[in-house]
Structures are given as structure tokens and as C-alpha cells.
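Everything below concerns the one structure shown next.
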Amino acid sequence: MASSWVGQWRSSAWVVSTCLLVALLTCTLRCSECVTLSNIILILTDDQDVEMGGMTPMKKTKELIGDAGVTFSNAFTATPLCCPSRSSIITGKYPHNHLVRNNSISGNCSSTAWQKEAEPFAFPVYLNKMSYQTFYGGKYLNQYGSKDAGGVDHVPPGWDQWHALVGNSKYYNYTLSVNGKEEKHGDNYEKDYLTDLVLNRSLHFLEERSPNHPFFMMLCPPSPHSPWTAAPQYQQSFSDVKAPRNGSFNMPGKDKHWLLRQPANPMPNSSIEYLDNAYRRRWQTLLSVDDMVEQLIKKLDSIKELNNTYIFYTSDHGYHTGQFSLPIDKRQLYEFDIRIPLLVRGPGIKPKQTLQSPVLNIDLSMTILDIAGANLSTVNMDGQSFLPQMAPWLRNGTERPFFLVEYTGEGHSSEDPSCPKLGPGLAECFPDCVCEDAFNNTYACVRVLKDANLQYCEFADNESFVEVYNLTSDPHELENIVKKVDPALLQIMNQRLIKLQSCTGDSCRNIK
Ligand SMILES: *[C@@H]1O[C@H](CO)[C@@H](O)[C@H](O)[C@H]1NC(C)=O
Ligand SMILES: *[C@@H]1O[C@H](CO)[C@@H](O)[C@H](O)[C@H]1NC(C)=O
Ligand SMILES: *[C@@H]1O[C@H](CO)[C@@H](O)[C@H](O)[C@H]1NC(C)=O
Ligand SMILES: *[C@@H]1O[C@H](CO)[C@@H](O)[C@H](O)[C@H]1NC(C)=O
Ligand SMILES: *[C@@H]1O[C@H](CO)[C@@H](O)[C@H](O)[C@H]1NC(C)=O
Ligand SMILES: *[C@@H]1O[C@H](CO)[C@@H](O)[C@H](O)[C@H]1NC(C)=O
Ligand SMILES: *[C@@H]1O[C@H](CO)[C@@H](O)[C@H](O)[C@H]1NC(C)=O
Ligand SMILES: *[C@@H]1O[C@H](CO)[C@@H](O)[C@H](O)[C@H]1NC(C)=O
Ligand SMILES: *[C@@H]1O[C@H](CO)[C@@H](O)[C@H](O)[C@H]1NC(C)=O
Ligand SMILES: *[C@@H]1O[C@H](CO)[C@@H](O)[C@H](O)[C@H]1NC(C)=O
Ligand SMILES: *[C@@H]1O[C@H](CO)[C@@H](O)[C@H](O)[C@H]1NC(C)=O
Ligand SMILES: *[C@@H]1O[C@H](CO)[C@@H](O)[C@H](O)[C@H]1NC(C)=O
Numbered sequence: 001m002a003s004s005w006v007g008q009w010r011s012s013a014w015v016v017s018t019c020l021l022v023a024l025l026t027c028t029l030r031c032s033e034c035v036t037l038s039n040i041i042l043i044l045t046d047d048q049d050v051e052m053g054g055m056t057p058m059k060k061t062k063e064l065i066g067d068a069g070v071t072f073s074n075a076f077t078a079t080p081l082c083c084p085s086r087s088s089i090i091t092g093k094y095p096h097n098h099l100v101r102n103n104s105i106s107g108n109c110s111s112t113a114w115q116k117e118a119e120p121f122a123f124p125v126y127l128n129k130m131s132y133q134t135f136y137g138g139k140y141l142n143q144y145g146s147k148d149a150g151g152v153d154h155v156p157p158g159w160d161q162w163h164a165l166v167g168n169s170k171y172y173n174y175t176l177s178v179n180g181k182e183e184k185h186g187d188n189y190e191k192d193y194l195t196d197l198v199l200n201r202s203l204h205f206l207e208e209r210s211p212n213h214p215f216f217m218m219l220c221p222p223s224p225h226s227p228w229t230a231a232p233q234y235q236q237s238f239s240d241v242k243a244p245r246n247g248s249f250n251m252p253g254k255d256k257h258w259l260l261r262q263p264a265n266p267m268p269n270s271s272i273e274y275l276d277n278a279y280r281r282r283w284q285t286l287l288s289v290d291d292m293v294e295q296l297i298k299k300l301d302s303i304k305e306l307n308n309t310y311i312f313y314t315s316d317h318g319y320h321t322g323q324f325s326l327p328i329d330k331r332q333l334y335e336f337d338i339r340i341p342l343l344v345r346g347p348g349i350k351p352k353q354t355l356q357s358p359v360l361n362i363d364l365s366m367t368i369l370d371i372a373g374a375n376l377s378t379v380n381m382d383g384q385s386f387l388p389q390m391a392p393w394l395r396n397g398t399e400r401p402f403f404l405v406e407y408t409g410e411g412h413s414s415e416d417p418s419c420p421k422l423g424p425g426l427a428e429c430f431p432d433c434v435c436e437d438a439f440n441n442t443y444a445c446v447r448v449l450k451d452a453n454l455q456y457c458e459f460a461d462n463e464s465f466v467e468v469y470n471l472t473s474d475p476h477e478l479e480n481i482v483k484k485v486d487p488a489l490l491q492i493m494n495q496r497l498i499k500l501q502s503c504t505g506d507s508c509r510n511i512k
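The numbering of the sequence shown is full-length UniProt numbering, which starts it at 1 and goes up by one.
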């Protein structure tokens with residue numbers, strides 16, 4: 001590290017003083033003589049979109065994290081479903097490498113195979129070995145804690161303090177694994193509201209930690225996932241808010257893959273009422289997360305750790321409310337489901353930056369390990385550190401020109417009894433029997449953001465369906481241009497896709 005500063009010392013007085021300041025703030029980054037390594041916090045919400053105003057209720061978060069650091073305007077998930085996405089975040093791998101295909105144990109969500117093959121190589125294990133004290137609070141993987149996944153006794157390696165939700169997001173009446181012991185909760189707001197409890201446990205961890213070692217905390221509130229149970233003081237908030245009617249809201253998906261050609265268009269009023277209600281309640285649940293961020297930052301300030309702590313705020317994937325006449329869900333290849341919020345503050349990161357660099361959720365683990373000073377070439381992950389984009393004065397690095405989004409559709413082998421007209425193979429047919437998923441909603445896409453703004457997707461269905469969008473001229477992906485575009489471009493995109501779908505580690509980062 002020392003030698004890389006030399007050139008900059010000579011360049012100008014301004015650079016010198018900036019470097020001095022940065023060096024003081026972050027001398028920690030890779031320098032073994034320094035005593036204090038930086039602390040790191042990752043806040044991960046569930047189902048929070050960025051395209052339809054999902055960050056709008058987060059006023060304090062935008063100010064305390066975004067304005068104090070960077071807001072990424074091109075952050076994406078590698079896959080738009082909770083369990084596979086969360087598995088990507090903690091392993092730093094694309095789904096084809098961590099092998100978590102869906103939210104079921106049979107699809108490797110928290111399965112014993114995952115516990116044996118993937119969890120021991122997740123980034124918290126490295127941090128823990130590097131003397132970080134680690135804390136987990138909130139939702140982990142959808143099947144975590146279930147009997148067939150080892151029950152609450154299973155505490156993944158790398159965590160000193162483990163307060164994880166059993167199963168999928170809930171706000172009340174849930175069970176936690178507290179360091180391997182079952183802890184049951186009721187529905188008393190003061191004692192049980194999960195978002196508040198995660199905050200309280202994290203504050204307690206900060207009080208009890210040893211000041212001689214850095215810490216890493218991962219805070220995963222259930223918000224804004226269903227059942228959208230707001231804290232009592234927020235149940236009347238946003239009473240006149242409705243889902244925005246912009247973009248592809250209530251548009252037909254006529255030239256799209258099979259599943260998108262099914263919903264009634266325009267949507268029935270009952271679907272619109274349902275989704276507006278969901279939209280409002282999602283926002284209400286986020287107000288508690290906004291409070292969490294404020295309280296946490298207050299605490300860090302009071303223990304004098306705020307200036308030595310990186311804070312990442314993100315979500316596992318996006319969400320839609322009415323786009324292409326789909327009432328509510330994720331699981332689609334479009335921007336509203338694959339884009340995620342990503343805000344980061346920390347030592348050496350200049351405030352008030354908006355960055356266009358494309359980043360993926362598989363990059364979080366590499367970035368965190370980079371900050372902790374790990375030797376990244378010893379880590380087997382598909383992502384790449386985006387520290388160079390946030391703080392180019394600390395690290396050199398190139399951004400990726402394009403990346404992979406891959407998804408395996410979920411279905412049920414029998415038909416849904418409440419929707420008798422639909423056959424088997426579908427899932428999430430709610431409300432009004434509009435199905436949001438199917439076994440053949442299985443696709444892989446190349447998303448290009450450098451020199452062009454394109455998406456190219458291939459489906460594993462019996463039409464071998466292809467969708468192509470030019471987001472420069474069509475930001476809401478209204479027109480599938482597969483039949484209009486130069487065949488040579490389709491061929492290039494197909495070749496990139498083939499390479500990406502079988503990439504691992506370096507070969508995921510260096511595809512031309
Ligand atoms: C952080 O702030 C505290 C005072 O609040 C100061 O003692 C410490 O040196 C600062 N640390 C860094 C890395 O700037
Ligand atoms: C739709 O409108 C909302 C609220 O005004 C805004 O936050 C969002 O960015 C818009 N989305 C699109 C896709 O234009
Ligand atoms: C689950 O993971 C194991 C190895 O970790 C792998 O052998 C198996 O094929 C995976 N299952 C699926 C459905 O991908
Ligand atoms: C929690 O469970 C109790 C007992 O089953 C039930 O009465 C109550 O309605 C539940 N609360 C919530 C918020 O679901
Ligand atoms: C969290 O702590 C605050 C402040 O002590 C308290 O008012 C609140 O009831 C606690 N909530 C939970 C769910 O523990
Ligand atoms: C649906 O709502 C629209 C606008 O509020 C209204 O004009 C229309 O009559 C409603 N349709 C039905 C079938 O209720
Ligand atoms: C990082 O690890 C690689 C592979 O083990 C090794 O060749 C390299 O020397 C290490 N770099 C540092 C700075 O330790
Ligand atoms: C980045 O690369 C340039 C040119 O190769 C070099 O002069 C500079 O010191 C590097 N900066 C950092 C932070 O490593
Ligand atoms: C999850 O994946 C497994 C393995 O491919 C499959 O058997 C199962 O049906 C899938 N679950 C759902 C709900 O699609
Ligand atoms: C997708 O699966 C559904 C349900 O099995 C089936 O009806 C439909 O024909 C399939 N479509 C394609 C394009 O494979
Ligand atoms: C497409 O697949 C579905 C089941 O997924 C099947 O019912 C249908 O007959 C298939 N169509 C063709 C043209 O192969
Ligand atoms: C995408 O649209 C832009 C703006 O209209 C145009 O310049 C560009 O050539 C288009 N790209 C493709 C591949 O069609």
C-alpha cells in the first residue's frame with residue numbers, strides 16, 4: 001500500500017492533503033501496523049424495490065447513508081428471488097455456482113448440502129478468522145431453522161452472535177435461533193416487533209463487544225416483505241399513497257414470454273385495490289427500518305465508531321406493483337425486479353456521490369473483504385470489489401461492462417384449487433388468479449451497461465423464447481426488439497450468455 005501513495009504525494013497540494021486525510025481515515029485498509037481495522041455493517045431489507053419509489057419513505061436513510069457517501073444508480077441482483085439472492089450475497093457467487101435454485105429445501109435453500117458445501121466459504125467466515133467480531137440479526141434464508149435443515153441448532157460458521165429468524169419474513173409470532181437456542185415471540189409491539197428487536201439486539205452487541213477488535217454486523221429486517229405488518233405508530237401513514245401509474249404499470253405484456261401473456265389487461269379493479277394497499281403497507285413497514293438506521297448511527301456516534309464504520313444499505317431484489325399487469329411480486333427479468341437500492345458510507349468515501357458503475361449483489365462480499373484487507377485472490381467468489389468505484393483514491397479497478405441475471409422458475413406440480421382453470425406448473429397465482437411464476441419462467445439474461453444499455457434474455461421453455469430490450473430508447477422495456485435487431489448482435493449476446501452461464505471466479509469477471 002505504502003508505495004502506491006508515492007505518485008500521489010507528488011502530484012499536487014490538494015491531492016496531498018486529500019490523501020493525508022484519507023490515509024488517516026482508512027489507514028486501516030491494508031496496513032498491518034495500524035491497530036484499528038474498520039468496522040462494517042450490512043443492512044439487507046426484503047423485497048425493497050428502487051424503481052417504483054421503494055426508497056421514497058426512507059428519508060433518514062437517504063440522508064444518513066446516501067448523502068454521507070454514495071448512492072449507486074445501477075445496482076442489480078444476480079437473481080430476483082429471496083433465497084437464491086441471499087445465498088448470492090453471502091457466498092459472492094452466481095446461482096449456477098452456489099446451486100441454490102429456489103426457496104425450497106429441495107432447491108438447496110438452507111439445505112444440508114448448502115450447509116456443507118457453501119456456508120463454510122461465505123464471507124463472514126473470512127471476517128471472523130481476521131479477528132472481526134460478528135453479529136447476525138433477522139431473516140436469513142427462507143428455510144433456515146426448519147427441521148429438515150437441521151433446526152435452530154444449526155448456526156452457520158463465522159457468526160459470534162446469531163439471532164436469526166426461523167423461516168420466511170414475519171413481524172410477530174415468530175421463532176428465532178439465538179445462538180442455536182429456540183426463542184419464541186408473540187405479538188406485543190414493545191417486546192416482539194422484529195425490526196425493532198433486530199435493532200435492539202445489535203445495539204446490545206455494540207455495548208458488549210470488545211473495543212480491541214473490529215466488528216461486522218448484518219441486520220436483516222423483514223420489511224417491506226408481506227404480511228406488511230407496520231408498527232402501531234405507522235399504521236395510518238401514507239393513507240393517500242397509491243402505486244405509481246408510470247412506467248409499465250397496467251401495460252399488456254403482449255410480445256413477452258408465455259407467463260406475461262396471461263394476465264388480464266387492463267387489470268381488474270380488485271387487483272388494483274389489492275396492490276395499492278400492499279404498496280402503502282410496504283412503505284409503512286419501511287418507516288421502522290428508517291428509524292433503525294437513525295438509531296444505529298446515533299449509537300455508533302456515541303461510542304465514537306461512526307467515522308471508522310462502513311455501512312451498506314441494500315435489498316435482496318426489487319418488486320413490482322402492477323407493472324405489465326402483474327399485481328404484486330418479484331421473479332421477473334425486468335428492471336423493477338432486478339434493480340436494488342444500494343447506499344454506502346464509510347471512511348475514505350466522499351459524501352454526496354451518485355455512481356453509475358454497474359454493481360451486483362455478488363460484489364458485496366468481495367467489497368467487504370477488500371475493506372477488511374483480505375487477500376482477494378485467495379477467495380473463490382464470482383463478484384468483484386467495488387471499493388475502486390467508491391474510493392478511486394484508495395484502489396484501482398475496472399468496472400464490469402456486462403453481467404448475468406439468472407433465474408429458475410418455481411411451480412407446483414398440482415393445480416391451484418382456488419384457480420381451477422389453470423393447469424399445474426404455476427405458482428403465486430394471487431390475487432385474481434394471475435400467476436407470477438411457473439417452472440418455465442426459467443431464464444438467463446445478459447445485461448449490458450457500458451457503451452450501450454441493453455438486455456438480452458433466453459428462456460428455458462418450449463418456445464425457447466428470447467427477449468431483447470434497448471433501454472436507451474425504451475427504459476420501461478415496453479417493446480421486445482428481438483425480431484428487429486441486427487442478428488449479429490443477437491449472436492454476440494448469445495455467446496456472452498453461454499460464457500457467463502458457466503463462468504466461475506475470474507472467468508465471471510473477465511468476459512469480453
Ligand atoms: C474518529 O473520531 C474520534 C473522535 O470522535 C477521534 O478520536 C478518532 O481519531 C477519529 N478516527 C478517525 C479514523 O478519524
Ligand atoms: C415512477 O414514479 C415514482 C414516484 O414518482 C418514481 O419514484 C419512480 O422513479 C418512477 N418510476 C419509473 C419507472 O419511472
Ligand atoms: C444442491 O447442492 C448440491 C451440492 O451442494 C448439488 O449437488 C445439487 O445438485 C444441488 N441441487 C440442485 C437442485 O441444484
Ligand atoms: C399471534 O398469534 C396469536 C395466537 O395464535 C393470535 O391470536 C394473534 O392474532 C397473532 N398475531 C398476529 C399479529 O398475527
Ligand atoms: C427496543 O428498545 C426500545 C428502547 O429500549 C424499547 O422501547 C422497545 O420496546 C424495544 N423493542 C423490542 C421489540 O425489543
Ligand atoms: C373500476 O374503477 C374505475 C376507476 O375508478 C371505474 O371507472 C370503473 O367503473 C370500475 N370498474 C368496475 C367494474 O368496478
Ligand atoms: C495473495 O494470495 C496469492 C495466492 O495465494 C499470493 O500469490 C499472493 O502473494 C498473495 N498476496 C499478498 C499481498 O499476500
Ligand atoms: C492507480 O493506478 C495508477 C496508474 O497505474 C497509479 O499511478 C496509482 O498510484 C494507482 N492508485 C492506487 C490507489 O492504487
Ligand atoms: C425447487 O427446486 C427443486 C429442484 O429443482 C424442485 O424439485 C422443486 O420443485 C422446486 N420448488 C418449487 C416450489 O418450484
Ligand atoms: C409453460 O408452462 C405452462 C404450464 O405447464 C404451459 O401451459 C405452457 O404451455 C408453457 N409454456 C411454454 C412457452 O413453455
Ligand atoms: C409446452 O410445455 C407445456 C408444459 O410445460 C406443454 O403442456 C405444452 O404442450 C408444450 N407445448 C409444446 C408446443 O411443446
Ligand atoms: C438503442 O437506442 C438508441 C437511441 O435510440 C440508438 O442510438 C441505438 O442504436 C439503439 N441500439 C440498438 C442495439 O438498437
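Note that the Cβ used here is the ideal one computed from N, Cα and C, for glycine as well.
Taking 7 Å as the cut-off, does the CB of residue 408 come closer than this to any heavy atom belonging to ligand 7? Here residue 408 refers to the residue found at position 408 when the sequence shown is read from its first residue. Checking the Cβ of residue 408 against ligand 7 gives no.
Answer yes if the stretch 300 to 309 comes into contact with the stretch 247 to 263, meaning at least three C-beta pairs across the two stretches below 8 Å, and no otherwise. no
At a cut-off of 7 Å, is residue 513 close to ligand 6 when judged by its beta-carbon and the heavy atoms of the ligand? Absent from the structure is residue 513, since the part of the chain shown begins at 1 and ends at 512.
Entirely within the stretch 110 to 152 and at least 3 residues each: give me those beta strand (DSSP E) ranges in chain order. 133 to 139
Hey, which residues come within less than 5 Å of ligand 4, measuring from Cβ to any heavy atom, in chain order? The set of residues with CB atoms less than 5 Å from any heavy atom of ligand 4 reads, in chain order, 172, 173, 187.
At 4 residues or longer, what runs of the alpha helix (DSSP H) sit wholly inside the stretch 232 to 320? 269 to 302
For residue 316 and residue 82, which I take to be in contact (beta-carbon distance under 8 Å), what is that distance rounded to the nearest angstrom? Indexing the sequence shown from 1 puts residue 316 at position 316. Indexing the sequence shown from 1 puts residue 82 at position 82. Right, the Cβ-Cβ distance comes to about 5 Å (below 8 Å), so this counts as a contact.
So for residue 390, helix, strand or coil by DSSP? Here the question's residue 390 lines up with position 390 in the sequence shown. If DSSP states are grouped into helix, strand and coil, residue 390 belongs with the helices.
Decide if residue 106 is buried, meaning its Cβ has at least 16 other Cβ atoms within 10 Å, or exposed. Reading the sequence shown from its first residue, position 106 is the one you call residue 106. Under this definition residue 106 is an exposed residue.
Going by the DSSP bridge assignment, what does residue 164 pair with across the sheet? Working through the sequence shown from its first residue, we reach residue 164 at position 164. Partner(s): 138, 177.
Across the stretch 459 to 472 and the stretch 481 to 488, are there enough close Cβ pairs to call them in contact, namely three or more that are closer than 8 Å? yes
So the beta strand (DSSP E) residue 427 belongs to, where does it begin and stop? To locate residue 427, count along the sequence shown from 1; it is residue 427. That run of the beta strand (DSSP E) goes 426 to 429.
Would you say residue 457 and residue 382 are within 8 Å of each other, going by their C-beta atoms? Numbered from 1 along the sequence shown, position 457 holds the residue referred to as residue 457. Numbered from 1 along the sequence shown, position 382 holds the residue referred to as residue 382. Not a contact, by the Cβ cut-off of 8 Å.
Taking 6 Å as the limit between beta carbons, can you name the residues of its chain near residue 155, skipping five residues before and five after? Position 155 of the sequence shown, counted from the start, is the residue given in the question as residue 155. 162, 180, listed in sequence order.
How big is the Cα-Cα spacing for residue 72 and residue 110? Here residue 72 refers to the residue found at position 72 when the sequence shown is read from its first residue. Here residue 110 refers to the residue found at position 110 when the sequence shown is read from its first residue. Using only the alpha carbons, I get a separation of about 30 Å.
Closer than 7 Å: is that where the CB of residue 119 sits relative to any heavy atom of ligand 3? Counting from one through the sequence shown, the residue named residue 119 turns up at place 119. No; taking the cut-off as 7 Å, the Cβ of residue 119 has no heavy atom of ligand 3 nearer than that.
Helix, strand or coil, according to DSSP, for residue 2 in the structure here? Residue mapping note: residue 2 aligns to position 2 of the sequence shown, counting from 1. Caution is warranted here: a pLDDT of 34 is assigned to residue 2, below 50, making its placement in the model unreliable, and the coordinate value is therefore given only provisionally. Looking at residue 2 - three-state DSSP - the assignment turns out to be helix.
Closer than 7 Å: is that where the CB of residue 206 sits relative to any heavy atom of ligand 5? Your numbering for residue 206 matches position 206 in the sequence shown. Result no, Cβ not under 7 Å from ligand 5.
Does the beta-carbon of residue 488, which I'm using as the reference point, lie nearer than 7 Å to any heavy atom of ligand 12? Numbered from its first residue, the sequence shown carries residue 488 at position 488. No, ligand 12 has no heavy atom inside 7 Å of this Cβ.
Using only the heavy atoms of ligand 2, determine whether one of them is closer than 7 Å to the beta carbon of residue 244. Indexing the sequence shown from 1 puts residue 244 at position 244. Yes, ligand 2 has a heavy atom inside 7 Å of this Cβ.
Which of the three DSSP states is assigned to residue 32 in this structure? To locate residue 32, count along the sequence shown from 1; it is residue 32. With a pLDDT of only 42 at residue 32, under 50, the local geometry of the prediction cannot be trusted, and no value is derived from it.
Short of 6 Å in beta carbon distance, which residues of its chain neighbour residue 472, apart from the five on each side in sequence? Order them along the chain. Within the sequence shown, numbered from 1, the residue matching residue 472 stands at position 472. Hits under 6 Å: 453.
Extent of the continuous alpha helix (DSSP H) run through residue 198: Numbered from 1 along the sequence shown, position 198 holds the residue referred to as residue 198. Segment 194 to 208, the alpha helix (DSSP H) holding residue 198.
Give the secondary structure of residue 39 by DSSP, where H, G and I count as helix, E and B as strand, and everything else as coil. In the sequence shown, the residue the question calls residue 39 occupies position 39. Here residue 39 carries a strand assignment [DSSP, helix/strand/coil].
Please classify residue 261 as buried or exposed, where buried requires at least 16 other C-beta atoms within 10 Å of its C-beta. By one-based count along the sequence shown, residue 261 stands at place 261. Its Cβ having fewer than 16 others within 10 Å, residue 261 is exposed.
Residue(s) in a DSSP beta bridge with residue 218: Start at 1 with the first residue of the sequence shown, and residue 218 comes out as number 218. 42, 136, per the DSSP bridge assignment.
Name the two residues that bound the continuous alpha helix (DSSP H) containing residue 342. For the purposes of this step, residue 342 is taken as residue 342 along the sequence shown, with counting starting at 1. Not the alpha helix (DSSP H): residue 342 falls in the beta strand (DSSP E), residues 342 to 345.
So for residue 62, helix, strand or coil by DSSP? In the sequence shown, the residue the question calls residue 62 occupies position 62. DSSP places residue 62 in helix when its eight states are reduced to three.
Count the other C-beta atoms from every protein chain shown that fall within 10 angstroms of the C-beta of residue 29, then say buried if there are 16 or more, exposed otherwise. The residue you call residue 29 lines up with position 29 of the sequence shown. With a pLDDT of 46 at residue 29, under the threshold of 50, the modelled position of this residue cannot be trusted; read the value that follows with caution. Using a 10 angstroms sphere on the CB of residue 29, the tally of other CB atoms reaches 16 or more, which defines it as buried.
Measure the alpha-carbon distance for residue 21 versus residue 292 and round it to whole angstroms. Counting from one through the sequence shown, the residue named residue 21 turns up at place 21. Counting from one through the sequence shown, the residue named residue 292 turns up at place 292. Low confidence applies here, because residue 21 scores a pLDDT of 43, under 50, leaving its location unreliable; read the following figure in that light. If I take the Cα positions, the gap works out to 30 Å.
Say the cut is 7 Å; is the CB of residue 107 nearer than that to a heavy atom of ligand 2? Locating residue 107 in the sequence shown gives position 107, counting from the first residue. Residue 107 Cβ: outside cutoff for every heavy atom of ligand 2.
Okay, do the stretch 267 to 275 and the stretch 431 to 442 touch, 3+ Cβ pairs below 8 Å being the bar? yes
Going by DSSP, which residues form a beta bridge with residue 455? On the sequence shown, position 455 is the one that residue 455 refers to. BP columns for residue 455 point to 447, 469.
State the DSSP-derived secondary structure class of residue 329, mapped to helix, strand or coil. Sequence index remark: in the sequence shown, residue 329 carries index 329 (1-based). Of the three classes helix, strand and coil, the one that applies to residue 329 here is strand, per DSSP.
Closer than 6 Å by C-beta to residue 391: which residues in its own chain qualify, once you throw out the five before and the five after it? Chain order, please. Locating residue 391 in the sequence shown gives position 391, where the first residue counts as 1. Excluding sequence neighbours, residue 391 sits near 348, 349.
So, for residue 333: in the same chain, excluding its five sequence neighbours on each side, which residues have a beta-carbon less than 6 Å away from its beta-carbon? Residue mapping note: residue 333 aligns to position 333 of the sequence shown, counting from 1. Closer than 6 Å at the Cβ level, and outside the excluded window around residue 333, lie 443, 445, 457.
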